[in-house]
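Trainee: Sharing a structure, written as structure tokens. Questions coming.
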Amino acid sequence: MAVDSASSEKKSSNAVNELLTFNAENMQSNMKTIYYSRTFLSIIGGVVAGILGFTGLKGFVFYLLLMAFTSLGLIAKASFSTHTYFDSWNRVLLDGFLGGLMFG
5 MAVDSASSEK
15 KSSNAVNELL
25 TFNAENMQSN
35 MKTIYYSRTF
45 LSIIGGVVAG
55 ILGFTGLKGF
65 VFYLLLMAFT
75 SLGLIAKASF
85 STHTYFDSWN
95 RVLLDGFLGG
105 LMFG
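Its first residue numbered 5, the sequence shown is counted upward by one per residue in the numbering used here.
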């Protein structure tokens, strides 16, 4: 079975062309958006949890579910291609996750 060297050269040149570059200002703006979204939803979630009487473990589970839905919503807003807008998918899922506990 022969390997075409021209196709392997095309593949390597395409890989170089597809290398993602990030704009630092856009990345910072995207991270601010995540931070503000999580902060806002933590405050609203704390109010809702208080009205519904979720305290202790129930309140913590409510917060975890709220942050999981927030992460899913942010990923859906990014059209499930987080590497286009963020340097890592962990940034979308975990950034600001624990910081919102003081509001919840």
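In this text, a Cβ means the ideal position worked out from N, Cα and C, and glycines have one as well.
Confirm, please, whether the CB-CB distance from Leu45 to Leu70 is below 9 Å.
Mentor: Residue 70 sits at position 66 when you count from the first residue of the sequence shown. Residue 45 sits at position 41 when you count from the first residue of the sequence shown. Yes, the Cβ-Cβ distance between Leu70 and Leu45 is below 9 Å.
Trainee: Locate the alpha helix (DSSP H) running through Thr88, then write down its first and last residues.
Mentor: On the sequence shown, position 84 is the one that residue 88 refers to. From DSSP, the alpha helix (DSSP H) with Thr88 extends over 86-89.
Trainee: Suppose you measure from the CA of Lys36 to the CA of Val52; what does that come to, to the nearest Å?
Mentor: For the purposes of this step, residue 36 is taken as residue 32 along the sequence shown, with counting starting at 1. For the purposes of this step, residue 52 is taken as residue 48 along the sequence shown, with counting starting at 1. Lys36 and Val52 have their alpha carbons spaced roughly 24 Å apart.
Trainee: Where Arg42 and Val96 are concerned, what is the direct C-alpha to C-alpha distance, given to the nearest angstrom?
Mentor: On the sequence shown, position 38 is the one that residue 42 refers to. On the sequence shown, position 92 is the one that residue 96 refers to. When rounded, the distance between both Cα atoms is 10 Å.
Trainee: Buried or exposed for Leu78, going by 16 or more other Cβ atoms inside 10 Å?
Mentor: Walking along the sequence shown from the start, residue 78 turns up at place 74. The residue in question, Leu78, is buried, as its Cβ has 16 or more Cβ neighbours within 10 Å.
Trainee: Between Ala82 and Thr88, how many whole angstroms is the CB-CB distance? I'm expecting something under 8 Å.
Mentor: Stepping through the sequence shown from its first residue, residue 82 is reached at position 78. Stepping through the sequence shown from its first residue, residue 88 is reached at position 84. Confirmed, Cβ separation roughly 7 Å.
Trainee: Should Asn30 go down as buried or exposed, given a rule of 16 or more other Cβ atoms within 10 Å for buried?
Mentor: Reading the sequence shown from its first residue, position 26 is the one you call residue 30. Counting Cβ neighbours within 10 Å, Asn30 comes out exposed, since fewer than 16 surround it.
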